[in-house]
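Per this note's numbering: the sequence shown ends with 153, consecutive numbering throughout.
For every residue, glycine included, the Cβ atom is placed at its ideal position computed from N, Cα and C.
Only one structure is covered here, and it is reproduced in the block below.
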Amino acid sequence: MKSILKLEELLQFALGIYLFSTLSYAWWWFLVLILLPDIGMLGYLVNTKTGALTYNVFHHKGLAILMLLIGIYFEIEVMQLIGIILFSHAALDRVFGYGLKYADNFKNTHLGHL
Numbered sequence: 040m041k042s043i044l045k046l047e048e049l050l051q052f053a054l055g056i057y058l059f060s061t062l063s064y065a066w067w068w069f070l071v072l073i074l075l076p077d078i079g080m081l082g083y084l085v086n087t088k089t090g091a092l093t094y095n096v097f098h099h100k101g102l103a104i105l106m107l108l109i110g111i112y113f114e115i116e117v118m119q120l121i122g123i124i125l126f127s128h129a130a131l132d133r134v135f136g137y138g139l140k141y142a143d144n145f146k147n148t149h150l151g152h153l
């Protein structure tokens, strides 16, 4: 089952790359921005509860899709970019087994214990 889930996430990452290619940004922007959602880990400097909250906000695919759709609807390309980067990053993280975090421990995720 883990292999199937990882393949699914890898295909979602590929979808993110495709969606990025529909924007007018140079390819190097994708490479520069793909790790930016990890800024959500800074919440762990406060405590694990805050860290889990900020991490999960930056790694929630539903929020990423919402931002992308708002960007498409209002024709705001930078909002589309943000949604695509958040979505792609979350998918790539899940390929490597990093899921949404529980408040008790960074290594306790919705995909299991790291």
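- Here Ala91 has Lys140, Tyr141, Ala142 as same chain residues with Cβ atoms under 7 Å from its own Cβ, once five neighbours each way along the sequence are excluded.
- Gly110 carries a helical assignment under DSSP once its states are collapsed to helix, strand and coil.
- Residue pairing for Tyr141: DSSP places it in a beta bridge opposite Asn144.
- Closest option to Gln51, judged by alpha-carbon separation, among Leu150, Leu125, Ala130: Ala130.
- By alpha-carbon distance to Tyr94, the top candidate from His152, Tyr137, Ile43, Leu46 is Tyr137.
- Spatial neighbours of Ile115 in its own chain (CB-CB distance under 8 Å, excluding positions within 5 residues in sequence) are listed in chain order as Ile109.
- With fewer than 16 other Cβ atoms inside 10 Å of its own Cβ, Ala53 counts as exposed.
- DSSP, read as helix, strand or coil, puts His98 in coil.
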